[in-house]
Amino acid sequence: MLGNIRDHSMLVARVAALLVDNIRQAGAVLSRERAVAGALLHDIGKTACLNTEEDHAARGREICLAHGMVEIAEIVAQHVILRDTGREAFTEEEIVYYADKRVNHDQVVSLAERLVYILDRYGRQDARRHQAIRANFERCKALENRIFAGLPFGPVEVAARIDQRLFCP
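Quick note: to get my numbering, add 392 to the position in the sequence shown (first position is 1).
The structure is reproduced here in structure tokens:
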């Protein structure tokens with residue numbers, strides 16, 4: 393894993409840990425270990441796919457399965473596009489999906505800021521791709537509203553609340 397991808401993944405894990413810890417305090421049942429592991433590994437397939445058209449989330453899922461990490465594989469598979477489970481309870485997949493959308497490289501950013509980057513980086517001046525990316529972010533915004541409806545802080549406070557000591561070498 394390239395250093396910049398590692399740094400991004402560690403920050404996604406810090407955001408995921410913050411969210412899981414606070415959502416659990418509000419009464420939800422979530423596995424911090426599963427969410428953090430999924431966040432740390434969510435881009436494990438990215439380096440192999442950098443110069444290809446291959447889906448890095450699907451490649452990451454395959455890598456996890458090949459190493460017996462069945463519980464983590466679905467988190468990795470869904471970190472780009474989240475499948476609708478119809479469940480009201482939060483899932484680790486949702487937490488990592490959201491946390492990834494809040495981290496641009498090694499900085500916590502708003503969903504709007506991340507959307508601008510994603511459109512520029514992956515939109516390829518293709519109207520259909522832009523539409524799909526925007527729809528994905530609208531879904532993420534709805535998830536953000538759901539997450540923070542039960543927390544004592546809002547999305548703008550995430551960066552200030554993460555524990556920078558987590559996952560430091």
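Every residue, glycine too, gets a C-beta built ideally from N, C-alpha and C.
Predicted, not measured: the structure shown is a model, and the values here were computed from it.
- Contact between the region 511-521 and the region 469-487 is absent: fewer than three C-beta pairs spanning the two stretches fall below 8 Å.
- Excluding five sequence positions before and after ASP413, the CB atoms of its chain that fall closer than 7 Å to its own CB belong to ARG424, given in chain order.
- With the rule of 3 Cβ pairs closer than 8 Å, the region 487-503 does not count as touching the region 454-465.
- When DSSP states are grouped into helix, strand and coil, VAL488 belongs to the helix group.
- Below 8 Å, too few C-beta pairs join the region 473-489 and the region 437-447 to call them touching: fewer than three.
- With a 10 Å radius around the Cβ and a threshold of 16 neighbouring Cβ atoms, GLU505 comes out exposed.
- Beta-bridge annotation (DSSP): ASN443 is not paired with any residue.
- Taking C-beta separations shorter than 7 Å and ignoring five residues to either side along the sequence, the partners of ARG451 in its chain run GLY437, ALA440, CYS441, following chain order.
- With fewer than 16 other beta carbons inside 10 angstroms of its own, GLU549 counts as exposed.
- As for any beta strand (DSSP E) of minimum length 3 sitting wholly inside the region 421-474, there is none.
- ALA409 sits buried, since 16 or more C-beta atoms from the chains shown fall within 10 Å of its C-beta.
- The distance from the Cβ of LEU503 to that of LYS533 is about 6 Å, consistent with a contact at the 8 Å cut-off.
- Leaving aside the five residues that flank ARG521 on each side, the residues in its chain whose CB is nearer than 8 Å to its CB run, in chain order, TYR514, GLY515.
- Boundaries of the alpha helix (DSSP H) around ILE539: 519-541.
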